[in-house]
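Here is the structure we will look at.
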Amino acid sequence: MSADAKPISPLSSLIFASRWLQLPLYLGLILAQCVYVFLFGKELWHLLHKANSMGEQEIMLLVLGLIDVVMISNLLVMVIVGGYETFVSRLRLENHPDQPEWLSHVNASVLKVKLALSIIGISSIHLLKTFIGAGNLDGLPSCNSPDYILAVQTATSTLGPGAEAAFKCATMTSTGVMWQTIIHGAFILSAIGIAYTDKLMSGAPSKTLSH
């Protein structure tokens with residue numbers, strides 16, 4: 003400590019040390035990452051085991067589900083590594099050969115933009131799955147419609163258990179697809195707003211110095 007440095011008060015030390023309370027949160031996210039690894043393995047096994055009996059659309063939906071799991075896992079890594087580096091403690095990975103490129107210049111603003119872009123990517127996968135499954139919306143009744151529920155109950159009481167497997171229904175509606183598209187557009191606008199705000203904030207000091 004230099005001679006001009008002022009000693010840190012106990013209260014300041016306590017407040018600064020409180021950042022370590024976030025450590026259990028990041029450890030919990032690591033456990034959540036393990037759950038997603040297990041989920042990915044289960045979905046992959048289901049895809050490999052049933053590939054011969056599935057159609058192209060079913061395989062595509064399962065593959066999109068795997069991509070969705072990977073993108074959420076990437077989001078978890080970004081939050082764990084970037085959040086810990088930004089808000090808790092330095093990871094000191096400067097000379098590590100596997101240091102992520104974005105980690106060298108990460109801060110709260112950069113992390114927010116990257117998280118927003120990751121959320122847009124995840125939303126895009128869900129929207130694509132919805133569009134693929136929406137091809138038969140007009141030809142299938144809604145699973146929650148009274149007519150469909152009555153038809154299934156009638157078939158079950160007449161033919162016995164298992165008769166409901168012959169009835170197909172749509173788990174989504176045209177209104178649901180519309181709102182999912184609107185929400186995805188809202189995510190995009192939010193990411194643009196965050197990126198634009200970050201650009202204004204990062205450009206403000208240079209403009210001030212130039213005058």
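Sequential numbering of the sequence shown, starting at 3, is according to my numbering. We put the beta carbon where it would ideally sit given N, CA and C, even for glycine.
Rank V81, Y198, V71 and I82 by C-alpha distance to the C-alpha of I124 and give the top, closest one. V71
Cβ pair count under 8 Å reaching 3, the segment 50-58 against the segment 74-85: no
Length at least 4, wholly inside the segment 52-133: the alpha helix (DSSP H) runs in chain order: 58-79 and 85-89
Do L95 and T183 have their C-beta atoms closer together than 8 Å? no
Just to confirm my understanding: we take L105, look at its own chain, exclude 5 residues before and 5 after, and list those with CB closer than 8 Å. What are they? V83, G84, E87, L93 and L95
If I'm right that L64 touches E45 with Cβ under 8 Å, what's the distance once you round it to whole angstroms? 6 Å
Could you compute how far the alpha carbon of E33 sits from the alpha carbon of F40? The residue asked about is misnamed: residue 33 is Leu in this sequence, not Glu. Looking at the two C-alpha atoms, the distance is approximately 11 Å.
Between the beta-carbon of A118 and the beta-carbon of S15, is there less than 8 Å? no
Under the three-state reduction of DSSP, which class applies to S212: helix, strand or coil? Reliability of the predicted coordinates at S212 is poor, the pLDDT of 43 falling under 50, and the value obtained from them is presented with this limitation in mind. Correct three-state label for S212: helix.
Which residues bound the alpha helix (DSSP H) around P12? P12 to A19
Residue burial classification, S204 (beta-carbon count within 10 angstroms, cutoff 16): exposed
Using the Cα positions of L49 and I69, report the straight-line distance between them to the nearest angstrom. 13 Å
Just to confirm my understanding: we take Y28, look at its own chain, exclude 5 residues before and 5 after, and list those with CB closer than 6 Å. What are they? I82 and Y86
Given L2, which residues of its chain have a CB within under 8 Å of its CB, disregarding the five upstream and five downstream residues? The chain is shown only over 3 to 213; residue 2 falls outside these bounds and no answer can be derived.
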